[in-house]
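Asker: In the numbering used here, the protein residues as written are 92 to 483.
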């Protein structure tokens with residue numbers, strides 16, 4: 092009887108133990124999350140190489156920016172679709188290709204004091220694939236300003252967001268201008284109201300954007316003599332192109348007519364002989380403006396309005412009178428329809444001067460010919476005397 096009772100106790104104890112073990116196992120299994128791509132709420136310490144998926148598992152949801160000692164913020168959240176469509180994403184560039192100092196978690200402590208200093212840690216990384224562009228940028232006005240300690244000067248990442256940058260061919264001129272506007276907003280607003288900018292915002296690809304005049308990575312200082320002296324050719328790149336200008340009825344003789352007058356002749360000589368010496372002779376933007384260029388026939392501020400032309404002339408010729416602009420023919424070669432009086436007077440002299448000089452040349456050559464002929468012909472009396480002497 093006692094043995095049977097003891098046996099039953101051990102049986103119930105065994106059943107109870109098995110039930111406790113099964114309950115504990117069920118709790119453990121239920122607590123495990125079922126996810127296709129695990130996204131840890133807290134990063135797990137890692138070492139060694141890191142894949143893009145591992146980086147994005149944290150940075151796709153990192154909504155809290157990192158604050159630098161300067162008070163500036165680094166936004167570290169990555170939009171996965173935008174990164175996937177970027178030039179780096181489509182070329183399968185890994186995160187650690189650029190962030191080569193990141194080998195695991197926790198990441199190395201940031202030592203940069205401000206955003207520019209942080210970004211300047213990466214030009215060497217950019218140069219690994221874009222050496223020519225980085226070298227040009229370092230020699231540009233932007234690069235010079237960085238070397239001078241200007242914290243507002245842009246770095247590679249300011250213009251080319253490495254996590255969203257599309258292929259350059261996919262970026263329009265208008266989008267390029269918006270990139271420049273991030274630093275040059277006042278100039279952009281002025282440009283947007285100009286004949287060039289307003290057309291560009293309407294998707295007219297014939298007009299120049301920022302990079303057409305200033306370049307992309309090799310942007311020069313627009314306050315230098317070299318820029319001023321070469322600016323005429325910069326404008327001529329578009330304004331001598333008949334394929335563009337013919338659409339709008341604009342003369343393509345702008346360069347030849349400018350070079351033909353004393354303004355252009357002087358500037359051209361300076362550009363060729365003394366490119367580093369500034370000239371006080373007018374270049375294109377002295378008359379037409381820089382970023383605020385308006386159509387010549389603008390009824391309020393266009394240069395076709397005589398008073399506006401006079402004001403432009405008075406910038407260099409303060410004593411110019413009301414009739415001063417009448418001497419300017421514009422960038423058109425005189426013909427029967429445009430400045431006919433000048434055309435016919437010019438035609439008259441084109442005929443008169445060669446005619447007079449040609450007539451004088453004929454007269455002089457005829458005179459020379461007769462003198463030579465007269466000298467080579469022997470006098471008749473001398474010849475007769477010689478014959479009579481021979482007979483004797």
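The beta-carbon is built from N, C-alpha and C at its ideal position, and this holds for glycine as well.
Buried or exposed for residue 166, going by 16 or more other Cβ atoms inside 10 Å?
Answerer: Reading the chain shown from its first residue, position 75 is the one you call residue 166. Per the 10 Å Cβ criterion, exposed.
Asker: Would you say residue 403 and residue 378 are within 8 Å of each other, going by their C-beta atoms?
Answerer: By one-based count along the chain shown, residue 403 stands at place 312. By one-based count along the chain shown, residue 378 stands at place 287. Yes, they are a contact pair.
Asker: In chain order, what are the residue ranges of uninterrupted alpha helix (DSSP H) at least 4 long that sit wholly in the region 191–256?
Answerer: 206–210, 214–218, 222–230, 232–238 and 247–250
Asker: Determine the burial state of residue 246: buried for a count of at least 16 other Cβ atoms within 10 Å of its Cβ, exposed for fewer.
Answerer: Residue 246 sits at position 155 when you count from the first residue of the chain shown. Buried, because 16 or more other Cβ atoms sit within 10 Å of the Cβ of residue 246.
Asker: Tell me, to the nearest whole angstrom, how far the beta carbon of residue 366 is from that of residue 316; I am working on the premise that it is less than 8 Å.
Answerer: For the purposes of this step, residue 366 is taken as the residue at position 275 of the chain shown. For the purposes of this step, residue 316 is taken as the residue at position 225 of the chain shown. Contact flag correct, Cβ pair sits at about 7 Å.
Asker: Report yes if the C-beta distance between residue 320 and residue 255 is below 8 Å; otherwise report no.
Answerer: As a first step, residue 320 is located in the chain shown; it is residue number 229 there, counting from the start. As a first step, residue 255 is located in the chain shown; it is residue number 164 there, counting from the start. The answer is no: Cβ separation not under 8 Å.
Asker: With distances taken from CA atoms, which of 431, 305, 330 and 227 is nearest residue 341?
Answerer: Counted from its first residue, the chain shown places residue 341 at position 250. Measuring from the Cα of residue 341, the nearest candidate turns out to be 330.
Asker: Would you identify the three-state DSSP class for residue 281, choosing helix, strand or coil?
Answerer: For this step, residue 281 is matched to residue 190 along the chain shown. Correct three-state label for residue 281: helix.
Asker: Measuring CB atoms only, is the region 198–207 touching the region 155–164, in the sense that at least three cross pairs come out at less than 8 Å?
Answerer: yes
Asker: Can you tell me whether residue 346 is helix, strand or coil according to DSSP?
Answerer: Mapped onto the chain shown, residue 346 falls at position 255. Looking at residue 346 - three-state DSSP - the assignment turns out to be helix.
Asker: Check the DSSP bridge columns for residue 158 and list the partner residues they point to.
Answerer: Against the chain shown, residue 158 aligns to sequence position 67. According to DSSP, which records beta bridges pairwise, residue 158 is partnered with 164.
Asker: When we look at the beta-carbon of residue 443 and count the other beta-carbons within 10 Å, is it buried (16 or more) or exposed?
Answerer: Locating residue 443 in the chain shown gives position 352, where the first residue counts as 1. Exposed.
Asker: Can you list, in chain order, the residues of its chain whose CB lies under 6 Å from that of residue 218, leaving out five sequence neighbours each side?
Answerer: Your numbering for residue 218 matches position 127 in the chain shown. So the qualifying residues of the chain are 225.
Asker: Would you kindly work out how many angstroms separate the C-alpha atoms of residue 152 and residue 170, rounded to a whole number?
Answerer: Numbered from 1 along the chain shown, position 61 holds the residue referred to as residue 152. Numbered from 1 along the chain shown, position 79 holds the residue referred to as residue 170. Their Cα atoms are separated by approximately 9 Å.
Asker: If I measure Cβ to Cβ from residue 192 and keep anything under 7 Å in the same chain, skipping five residues before and after, which residues do I get?
Answerer: Here the question's residue 192 lines up with position 101 in the chain shown. Around residue 192: 199.
Asker: Should the region 308–315 be called in touch with the region 409–425, which here means at least 3 C-beta pairs below 8 Å?
Answerer: no
Asker: Could you give the C-beta distance for residue 292 and residue 300, rounded to a whole number, given that I count them as a contact under 8 Å?
Answerer: Here residue 292 refers to the residue found at position 201 of the chain shown. Here residue 300 refers to the residue found at position 209 of the chain shown. Their Cβ separation, rounded to whole angstroms, is 10 Å, which puts residue 292 and residue 300 out of contact at 8 Å.
Asker: For residue 423, which of helix, strand or coil comes out of DSSP?
Answerer: Mapped onto the chain shown, residue 423 falls at position 332. DSSP places residue 423 in coil when its eight states are reduced to three.
Asker: Could you check the C-alpha separation between residue 286 and residue 149 for me, to the nearest Å?
Answerer: For the purposes of this step, residue 286 is taken as residue 195 along the chain shown, with counting starting at 1. For the purposes of this step, residue 149 is taken as residue 58 along the chain shown, with counting starting at 1. Their backbone Cα atoms lie some 47 Å apart in a straight line.
Asker: Quick one: using the 10 Å Cβ neighbour count with 16 as the cut-off for buried, is residue 451 buried or exposed?
Answerer: Residue numbering aside, residue 451 sits at position 360 when the chain shown is read from its first letter. The residue is exposed, with fewer than 16 neighbouring Cβ atoms inside 10 Å.
Asker: Round the Cβ separation of residue 267 and residue 302 to the nearest angstrom and send it over; I've been treating them as touching at under 8 Å.
Answerer: Here residue 267 refers to the residue found at position 176 when the chain shown is read from its first residue. Here residue 302 refers to the residue found at position 211 when the chain shown is read from its first residue. A Cβ-Cβ distance of about 5 Å is found for the pair residue 267 and residue 302, placing them in contact under the 8 Å criterion.
Asker: Alpha carbon to alpha carbon, what distance is there between residue 441 and residue 394?
Answerer: Position 303 of the chain shown, counted from the first residue, corresponds to residue 394. Position 350 of the chain shown, counted from the first residue, corresponds to residue 441. Cα to Cα, the separation comes out at about 31 Å.
Asker: Mind checking which residues open and close the alpha helix (DSSP H) that includes residue 464?
Answerer: To locate residue 464, count along the chain shown from 1; it is residue 373. Taken as a continuous stretch (DSSP letters only), the alpha helix (DSSP H) holding residue 464 covers 431–467.
Asker: How far does the alpha helix (DSSP H) with residue 392 in it reach, from first residue to last?
Answerer: Along the chain shown, one-based indexing puts residue 392 at 301. No alpha helix (DSSP H) contains residue 392, which DSSP labels as neither H nor E.
Asker: Could you give the distance in angstroms between the alpha-carbon of residue 356 and the alpha-carbon of residue 363?
Answerer: Within the chain shown, the letter at position 265 stands for residue 356. Within the chain shown, the letter at position 272 stands for residue 363. Going by the C-alpha atoms only, they are around 11 Å apart.
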